[in-house]
DNA sequence: CATCTGACATAAC
DNA sequence: GGTTATGCCAGAT
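In our numbering, the protein residues as written are 56 to 164.
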């Protein structure tokens, strides 16, 4: 496939998300200033096609909901992965989302 | 080229 | 707290 700049940027940024933290599509899109949040979701879906492993489970939507769980092998895999990393997940949502939320901007501060 | 769809976001109702 | 509308942009058809 083509290797658009934003695609690699999104995956690279996703890999920067610390364990036990989560980020959002909007935050990544805003930070990269490339395209829109939909591009991030698009990249995530295609991240399984990437050669590099990407912690896609650490990327949730703006409400902290695991909107992408359906794209995993098992719908509950995403939540289990997060829980195994220390992120509390309840009813497909990240608990205390505002506390575990991570913005790429923090890397530059 | 026209439309639809999507792991989204935001505002308005 | 849903639903609707709009912006966003790459793929698929």
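Backbone N, C-alpha and C define an ideal beta-carbon position, used for all residues, glycine too. Just so you know, these numbers come straight off a predicted model, no measurement behind them.
Counting the other Cβ atoms within 10 Å of the Cβ of residue 80 gives 16 or more, which makes it buried.
A Cβ-Cβ contact shorter than 7 Å links residue 121 with residue 147.
Rounded to whole angstroms, residue 96 and residue 137 show a C-alpha spacing of 18 Å. The alpha carbon of residue 156 has as its nearest neighbour, out of 131, 69, 105 and 109, the alpha carbon of 69. Counting along the chain, the unbroken alpha helix (DSSP H) around residue 62 starts and ends at 60-71.
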